[in-house]
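Peer 1:
Protein chains in written order, with our numbering: chain A, 646 to 810; chain G, 501 to 667.
#1: Under a Cβ-count criterion, where at least 16 other Cβ atoms within 10 Å of its own Cβ denotes burial, should residue 672 of chain A be classed as buried or exposed?
#2: Taking 8 Å as the CB-CB limit, is residue 691 of chain A close to chain G?
#3: Could you work out which residues of chain A lie near residue 503 of chain G, taking near to mean beta carbons separated by less than 8 Å?
#4: Straight-line CA distance for residue 692 of chain A to residue 667 of chain G?
#5: Could you tell me the alpha carbon to alpha carbon distance between residue 630 of chain G and residue 639 of chain G, rounded to whole angstroms?
#6: Do we get a CB-CB distance below 8 Å when we pair residue 514 of chain G with the residues of chain A?
#7: Within 10 angstroms of the Cβ of residue 720 of chain A, are there 16 or more other Cβ atoms? Answer buried if so, exposed if not.
#8: If residue 707 of chain A and residue 511 of chain G are in contact, beta carbons under 8 Å, what's the gap, nearest whole angstrom?
#9: Might you give, ordered along the chain, the residues of its own chain that have their beta carbon closer than 8 Å to the beta carbon of residue 548 of chain G, omitting 5 neighbours on each side?
#10: Can you list, in chain order, the residues of its chain whose CB lies under 7 Å from that of residue 634 of chain G, leaving out five sequence neighbours each side?
#11: For the alpha helix (DSSP H) containing residue 504 of chain G, list its first residue and its last residue.
#12: Taking 8 Å as the CB-CB cut-off, is residue 668 of chain G touching chain A?
#13: Evaluate residue 655 of chain A with the Cβ neighbour count: other Cβ atoms within 10 Å of its Cβ, from every protein chain shown; 16 or more gives buried, anything less gives exposed.
#14: Whole angstroms is fine: what's the gap from residue 732 of chain A's alpha carbon to residue 740 of chain A's?
#15: Quick test of the definition: if touching needs 3 or more C-beta pairs under 8 Å, does the region 678 to 696 of chain A touch the region 650 to 658 of chain G?
#16: Interface residues of chain A around residue 669 of chain G at Cβ under 7 Å?
#17: Skipping 5 residues on each side, what residues in its chain have a beta carbon closer than 7 Å to that of residue 506 of chain G?
#18: Using the Cβ count rule (16 or more neighbours within 10 Å means buried), how would you classify residue 617 of chain G?
#19: So, is the C-beta of residue 676 of chain A closer than 8 Å to a C-beta in chain D?
#20: Would you mind telling me which residues of chain G sit closer than 7 Å to residue 679 of chain A, beta carbon to beta carbon, in chain order?
#21: From residue 761 of chain A to residue 738 of chain A, what does the alpha carbon distance come to, in whole angstroms?
#22: Taking the C-alpha atoms as reference points, what is the distance between residue 536 of chain G and residue 754 of chain A?
#23: State buried or exposed for residue 784 of chain A, treating a residue as buried only when at least 16 other CB atoms are found within 10 Å of its CB.
#24: Interface residues of chain G around residue 657 of chain A at Cβ under 7 Å?
#25: In chain A, which residues lie with their C-beta within 8 Å of the C-beta of residue 507 of chain G?
#26: With residue 534 of chain G as the anchor, note down where its alpha helix (DSSP H) starts and where it stops.
#27: Pair every Cβ in the region 788 to 797 of chain A with every Cβ in the region 523 to 538 of chain G, then say whether three or more of these pairs are closer than 8 Å.
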């Protein structure tokens with residue numbers, strides 16, 4: 646067994662997690678390899694030291710600080726936590742997009758051209774709507790003029806279809 | 501009560517992790533603030549201890565990443581950590597205290613994840629299953645972290661001993 650492999654097996658060896666064969670191989674290696682033997686004893690001492698670190702008690706001052714938290718928190722209860730709620734995220738996303746568009750517009754080097762372009766598009770839109778409205782009005786009046794004729798034609802359609810039957 | 505039963509455990513965990521008494525006190529307070537804020541999210545069907553220690557562990561590691569404590573040194577190995585053995589059998593006790601001092605200082609050389617695994621297993625004596633629940637990782641990964649941590653510490657200790665012998 647190589648030293649590198651033995652190194653990896655030292656901790657599982659201490660935890661008694663190795664198979665009998667692996668265990669024997671590690672023991673055999675440690676007996677002959679001074680370096681690994683020293684590492685093994687160092688690991689033992691390391692574990693011993695770690696287990697012996699004492700558990701400290703909490704100071705009165707810290708306990709007071711911890712007991713003071715709930716009332717402190719309540720006083721400052723109105724926080725901006727709601728901003729972090731998942732349901733608020735679409736609103737934040739929309740606001741970000743809006744701000745980006747506004748800032749792009751505000752800091753555009755050819756802002757006047759953008760303004761003109763928007764103006765023209767708005768006017769074109771207006772005139773298109775105006776034309777459509779005029780057409781609709783014309784269509785409505787012409788329909789009114791031919792109202793009588795249309796009604797007669799519609800009445801004639803039904804008897805004809807019956808004759809065909 | 502919640503504070504009494506958990507403050508000691510969280511404080512010790514923070515002290516062993518951060519290595520500074522003041523830092524550990526601040527961390528414990530901040531973790532309790534986080535606990536009060538997170539209590540509404542606690543699922544009653546879950547194990548409270550594991551849930552709280554997960555919260556504490558995550559807070560410590562996040563904080564560590566932000567503040568980069570590895571650049572700071574740990575508290576001197578002082579009266580807080582000195583056990584009574586040193587006084588019972590002075591010669592033997594001295595060697596053991598020296599070893600403890602080396603291990604205490606070397607903890608800072610482990611990465612935060614590995615350090616936390618070693619603290620939970622070897623200092624606090626938790627079971628691997630409990631640690632896996634706290635760290636939220638498979639048992640195999642936890643064991644491998646503990647093994648790596650122990651090996652790193654043992655290598656540091658061995659090197660120091662060898663250097664001392666050469667002198």
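Even for Gly, the Cβ is constructed at its ideal location relative to N, Cα and C.
On a predicted model such as this, the values are computed, not experimentally measured, just so you know.
Peer 2: On the basis of the supplied data:
#1: exposed
#2: yes
#3: 708, 711, 712
#4: 26 Å
#5: 9 Å
#6: no
#7: In this prediction, residue 720 of chain A has a pLDDT of 48, which is less than 50 and means its spatial position is unreliable; nothing more can be read from the coordinates.
#8: 7 Å
#9: 542
#10: 550, 553, 554, 557, 620
#11: 502 to 518
#12: Nothing can be reported for residue 668 of chain G: it is not among the residues displayed for chain G, which extend from 501 to 667.
#13: buried
#14: 14 Å
#15: yes
#16: For chain G, the structure presents residues 501 to 667; residue 669 of chain G sits outside this window and is missing.
#17: 552
#18: buried
#19: Within the model displayed, chain D is absent; protein chains A and G are what it includes.
#20: Ordered by position in chain G, no residue passes the 7 Å Cβ test against residue 679 of chain A, which lies about 11 Å from the chain.
#21: 29 Å
#22: 51 Å
#23: exposed
#24: 647
#25: 703, 707, 708, 711
#26: 521 to 538
#27: no
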